[in-house]
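Take a look at the structure below.
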Amino acid sequence: EAQVTQNPRYLITVTGKKLTVTCSQNMNHEYMSWYRQDPGLGLRQIYYSMNVEVTDKGDVPEGYKVSRKEKRNFPLILESPSPNQTSLYFCASSLLAGAAGYTFGSGTRLTVV
Amino acid sequence: TQLLEQSPQFLSIQEGENLTVYCNSSSVFSSLQWYRQEPGEGPVLLVTVVTGGEVKKLKRLTFQFGDARKDSSLHITAAQPGDTGLYLCAGGEKETSGSRLTFGEGTQLTVNP
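Protein chains in written order, with this note's numbering: chain A, 1 to 113; chain L, 114 to 226.
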C-alpha cells in the first residue's frame, strides 16, 4: 500500500531532550515536506526537500533540523525541544510537488513539558 | 510569505444544501490544491488545479482556479453528512515547483442529517 509512515504517533517529552520523528514513504517520491498544525494557525511548513541532499526552509524552521540522505526517508530532528514546539506534526511526499499534490502521513502529536 | 485566506471559517448546513468555499490571495500560485482532513488524521488530497480558469469536477464537488491564479473555489452540490470535515486549500510557489506550499486556515464544514 502506497503510504507515508510517521513514527511515533504520540510522544511526550521534556524540555531539552533531543528527539527525532521519522518519516518514510514507499512511493519513490522526490518531494518531501514537514508541517506543524496548531489551532488558529493552520498548517505551516517547517522544511521541504526537492530531492536527496536538497532541503530548504519553510515558514517556521527555527528549532528544527532535517536531513535527506536517501529518497524514502526524511526525519525531523528537534535538538532541544521547547514547550512552544508542542504541536501536531505531519510529513508529506509528492511525485511532482505542486502539479500532483501531496500524500500526508497520519501525524505525530508531540507534547513538550 | 504568501498568504491564503479561506472563507467561511465555519459552515453548518443541512443535508441536501449547496455550498461554496473560497480561497483568496494577493499572490499568484503555480498550482492550487484542495484537501480534506478528518480529526486526528492527515489531510487527504481532493484535487490539484494548475491552469488559470481550470475547472475540475469530482462527483458532487466542483473546483475552480481563478483566471489570474490567485484564488480558487470549491462548490459542493447536495451536501451529505459524509462531506463533513475540514477543507483546506494550499497554494504552490512557482519558484520551487510547488514544493513551497502555503495553506489556508481551513473551512470546517458540518453537514447535518
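Yeah, the Cβ is synthetic: ideal placement off N, Cα and C, and Gly gets one too.
Going along chain L in order, which residues have a C-beta closer than 8 Å to the C-beta of residue i?
| i | result |
| --- | --- |
| M50/A | T209, S210 and S212 |
| S82/A | Under the 8 Å cutoff, chain L gives no residues; its nearest Cβ is about 22 Å from S82/A. |
| G105/A | G155 |
Any Cβ of chain L within less than 9 Å of the Cβ of residue i?
| i | result |
| --- | --- |
| F74/A | no |
| S92/A | With the sequence shown as reference, residue 92/A is identified as Ala, and Ser is not the correct amino acid for it. By this cut-off, A92/A is an interface position. |
| V66/A | no |
| Q45/A | yes |
| V4/A | yes |
Just checking: is the beta-carbon of residue i within a distance shorter than 9 Å of some beta-carbon in chain A?
| i | result |
| --- | --- |
| E167/L | no |
| A181/L | no |
| G198/L | no |
| L124/L | no |
| S143/L | yes |
| L201/L | yes |
| L158/L | yes |
So who's on the other strand from residue i, going by DSSP bridges?
| i | result |
| --- | --- |
| G204/L | L145/L and T215/L |
| V160/L | W147/L |
| Y10/A | R109/A |
| L187/L | V134/L and F176/L |
| Y48/A | S33/A and D56/A |
| F123/L | Q221/L |
| T22/A | N7/A |
| E118/L | N137/L |
| N28/A | Per DSSP, none; premise fails for N28/A. |
| A92/A | S33/A and F104/A |
| K170/L | T175/L |
| K65/A | I77/A |
Since residue i meets chain L, which of its residues come closer than 7 Å, beta carbon to beta carbon?
| i | result |
| --- | --- |
| L95/A | Those within 7 Å of L95/A in chain L number zero; the least Cβ separation is about 11 Å. |
| Y31/A | S212 |
| G16/A | Simply none; closest approach about 28 Å. |
| G63/A | Neighbours of G63/A on chain L: none; closest Cβ ~18 Å, over 7 Å. |
Interface residues of chain A around residue i at Cβ under 7 Å?
| i | result |
| --- | --- |
| T161/L | A99, A100 and G101 |
| G138/L | In the sequence on display, residue 138/L carries Ser and not Gly. Chain A residues near S138/L: none, gap ~14 Å exceeds 7 Å. |
| G205/L | A97 and G98 |
Residue i touches chain A at which residues, Cβ-Cβ below 8 Å?
| i | result |
| --- | --- |
| G217/L | G42 |
| Q146/L | G98, G101 and Y102 |
Per DSSP, what kind of secondary structure is residue i in: helix, strand or coil?
| i | result |
| --- | --- |
| N131/L | coil |
| G16/A | coil |
| T197/L | coil |
| Q85/A | helix |
| G42/A | strand |
| A97/A | helix |
What do you reckon, is the C-beta of residue i under 8 Å from a heavy atom of the ligand MG?
| i | result |
| --- | --- |
| H29/A | The ligand MG is absent from the structure shown, which contains no ligand whatsoever. |
### Query
Is the region 148 to 168 of chain L touching the region 195 to 203 of chain L in the sense that three or more CB pairs, one from each, lie closer than 8 Å?
Here the region 195 to 203 of chain L lies against the region 148 to 168 of chain L, with 3 or more beta-carbon pairs under 8 Å apart.
### Task
Report yes or no: do the region 45 to 61 of chain A and the region 6 to 24 of chain A share at least 3 C-beta pairs separated by less than 8 Å?
Contact fails: fewer than three Cβ-Cβ distances are below 8 Å.
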